[in-house]
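The end of the sequence shown is residue 1245 by the working numbering, with every number in the run present.
No residue lacks a Cβ here, since even glycine has one placed at the ideal position from N, Cα and C.
Take a look at the structure set out below.
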Amino acid sequence: MEPAVALHQVCKSFGSRQVLETLSLSVRPGEILGLLGPNGSGKTTTLRLMAGFYTPDSGRITIRGREPAPGRGNVDIGYLPERAPLYDALTVTQYLEFGAGVKVQGGASARRLAIERAIDGFDLQGVARSVIGRLSKGQRQRVGLAQAVLNDPPVLLLDEATNGLDPVQIVEARAMIRRCAEGRAVVFSSHLMQEVEVLCSRIAILRQGRLIEDQPLGESRAALQLQLSLPTAGHAALHAALSACPGVKAVDITLLDAGTSKWRVTWDPPGANVATHATTSAAACDAVMRTALAHAELRAVLPAHEAVEARLLAALAPNDPPLRRRA
919 MEPAVALHQV
929 CKSFGSRQVL
939 ETLSLSVRPG
949 EILGLLGPNG
959 SGKTTTLRLM
969 AGFYTPDSGR
979 ITIRGREPAP
989 GRGNVDIGYL
999 PERAPLYDAL
1009 TVTQYLEFGA
1019 GVKVQGGASA
1029 RRLAIERAID
1039 GFDLQGVARS
1049 VIGRLSKGQR
1059 QRVGLAQAVL
1069 NDPPVLLLDE
1079 ATNGLDPVQI
1089 VEARAMIRRC
1099 AEGRAVVFSS
1109 HLMQEVEVLC
1119 SRIAILRQGR
1129 LIEDQPLGES
1139 RAALQLQLSL
1149 PTAGHAALHA
1159 ALSACPGVKA
1169 VDITLLDAGT
1179 SKWRVTWDPP
1189 GANVATHATT
1199 SAAACDAVMR
1209 TALAHAELRA
1219 VLPAHEAVEA
1229 RLLAALAPND
1239 PPLRRRA
């Protein structure tokens, strides 16, 4: 299958500072690539090159096998930067109308259909007439995602799309990102290892503008650990509810102190088709999170293992100081 987006030996500098050096990377339709690396490694520059905001100093960028016109952006790319470019004085509908006027071809009827599809697809009906400046963080992320896919692009670029959301909002954002990924190539840049483990089928690690690892994820999405607060009397009901979630094969409880416990939930590990497992694992993870939130207060989401984080730290170890783990 031809890549939806590909970088071929791309170099990029700003003044005397080399940001990317001979970077080659590709993403195929239906794949979610987790783009990792410390601050300054070139992640945002890579996304902006893919989006057409920057042009490479050398090398080539192809979108669906074609080189885009320089300096014009690309209708095949949907982009949600870390700070979503929202206009707080506009209503959600007005903002999407503005975006559709720029991105959607085919006249007024096509733009109206795209706006309706985005509002319905991201559950924005209840806030469609609300001013964006009054929306919650989670609602603003929905609006940002809606504008990114207004013209149904085959490539979606997400920069820290779940950063700053509460646990419920993260579950909702995951579901929407997974929905957006159907048939699209998605590049997901994040510092949150648990989000990369749940959502992505591959990871690419950058260090000082170079690609130092590009590998599929496998066993890393087979378990989840939650720290919960609930009375001991509620353990049996929660255990039964978690065990009934699709794909779950084991639920283990560790008592920490009065009213607090750690729950490890395991589901079927991936088979040969790791990309398919990414979808089923994300669904299992979301079902577990929703079930836990319905029965208990969530204190923390803990990595079930160190797979992605360990690979990141090992890749960075030769030249960089250890990164501090994020809670």
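- Cβ-Cβ distances below 8 Å link G1152 to H1213, A1214 in the same chain, with the five nearest sequence neighbours on each side left out; the list follows chain order.
- Between the stretch 1122-1129 and the stretch 1091-1101, the count of C-beta pairs closer than 8 Å stays below three; the two stretches do not touch.
- Below 8 Å, too few C-beta pairs join the stretch 974-987 and the stretch 1050-1069 to call them touching: fewer than three.
- Annotation: the stretch 1130-1192 contains the following complete segments of the alpha helix (DSSP H) (minimum length 4 residues), in chain order: 1153-1161.
- Remark: C-beta atoms of V1073 and R1102 approach each other more closely than 8 Å.
- When the beta-carbon positions are compared, R1120 and E920 stay at least 8 Å from each other.
- With a cutoff of 8 Å on beta-carbon distance, W1185 and V1169 are scored as not near each other.
- Between L1135 and E1115, the gap from beta carbon to beta carbon is short of 8 Å.
- With a threshold of 16 other beta carbon atoms within 10 Å, Q1059 meets it and is buried.
- Beta-bridge annotation (DSSP): Y972 is not paired with any residue.
- Inclusion of C1163 and V1104 in the CB contact set at 8 Å is not warranted, their separation being larger than that value.
- Taking every protein chain shown into account, the CB of S942 has fewer than 16 other CB atoms within 10 angstroms, so this residue is exposed.
- Between the beta-carbon of A1064 and that of A1036 there is about 4 Å, and that keeps the pair under the 8 Å contact cut.
- The alpha carbon of G1024 has as its nearest neighbour, out of N1069, L1146, C1203, the alpha carbon of N1069.
- For Y997, the enclosing beta strand (DSSP E) begins and ends at 995-998.
- For H1109, the three-state secondary structure derived from DSSP is coil.
- DSSP, reduced to helix, strand and coil, places V1022 outside both helices and strands of the structure shown, so it counts as coil.
- Between A1066 and G955, the C-beta gap is not smaller than 8 Å, which leaves the two residues out of contact.
- Under DSSP, the beta-bridge partners assigned to A924 are S944, T980.
- P999 sits buried, since 16 or more C-beta atoms from the chains shown fall within 10 Å of its C-beta.
- Residue burial is scored here from C-beta neighbours: Y1013 has at least 16 other C-beta atoms within 10 angstroms and is therefore classed as buried.
- For R1125, the enclosing beta strand (DSSP E) covers residues 1120-1125.
- Counting of Cβ neighbours within 10 angstroms places D1077 among the buried residues, the total reaching 16 or more.
- S1107 counts as buried, since no fewer than 16 other beta carbons sit within 10 angstroms of its beta carbon.
- Assignment of T1080 by DSSP, reduced to helix, strand and coil, places it in the coil class.
- In the DSSP assignment, G952 falls within the beta strand (DSSP E) that extends over 950-954.
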